[in-house]
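J.:
Residue numbers (the numbering used here): 17 to 222.
1) Please tell me whether residue 112 and residue 131 are closer than 9 Å, where the distance is taken between their beta carbons.
2) I'd like the list of long-range same chain contacts for residue 38, defined as Cβ closer than 7 Å, with 5 residues on each side in sequence excluded.
3) Can you list, in chain order, the residues of its chain with a C-beta nearer than 6 Å to that of residue 54? Leave out the 5 residues immediately preceding and following it.
4) Give me whichever residues DSSP pairs with residue 168 in a beta bridge.
5) From 97, 68 and 136, pick the residue whose C-alpha is nearest to that of residue 45; which is it?
6) Using the three-state DSSP reduction, which class does residue 219 fall into: helix, strand or coil?
7) Output yes or no for whether 9 Å exceeds the beta carbon distance between residue 140 and residue 173.
8) Quick one: Cα of residue 160 to Cα of residue 124, how far?
9) Does the Cβ of residue 156 have 16 or more other Cβ atoms within 10 Å, making it buried, or fewer, making it exposed?
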């Protein structure tokens, strides 16, 4: 169960089970800042946790794009991911992906269908990946609980010294019955470890 929750939370899961109240920037609380990684969170309602993370790596946008587009190796860097299938590539900037997650009994396996769209800020040079939920547009798969309200944003900012500043912010609803207090704790820990591993992972995609 802990492994599943960590994986779901890494991809933006934060128990989005009710209408969230407006949260201001000062509501963010620090989880951990160490080894160049900073992870924060904020409570939007009793059941909703939003997470953002950031780090700076010796890499470039091309390497990160290759990492995210390499769906065949998603299990190598996304915790508890089983596989990902590219359903459609309607234009050079858009990807429709069906991702499957493993779970240990008695928790059911999860899946999600998302649309990811790349955009570029020509002024700042930032590359942005917006992830939106398309789960309700595709039939559910037997044996899997379909995640809902998936949304996330990756922002990649090239630095003058050749490094890459990476930011992530996201949330979603894993659906089914999961203990939110445990999900919060495991999600934050998983997010920090994932960002901590990015320099090593991205080096393979240079």
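Ideal placement from N, C-alpha and C gives every residue a C-beta, glycine not left out.
From a predicted model like this one, the values you see are computed outputs, not experimental measurements.
T.: In terms of the structure at hand:
1) yes
2) In this prediction, residue 38 has a pLDDT of 40, which is less than 50 and means its spatial position is unreliable; nothing more can be read from the coordinates.
3) 70
4) 147 and 186
5) 68
6) helix
7) yes
8) 6 Å
9) exposed
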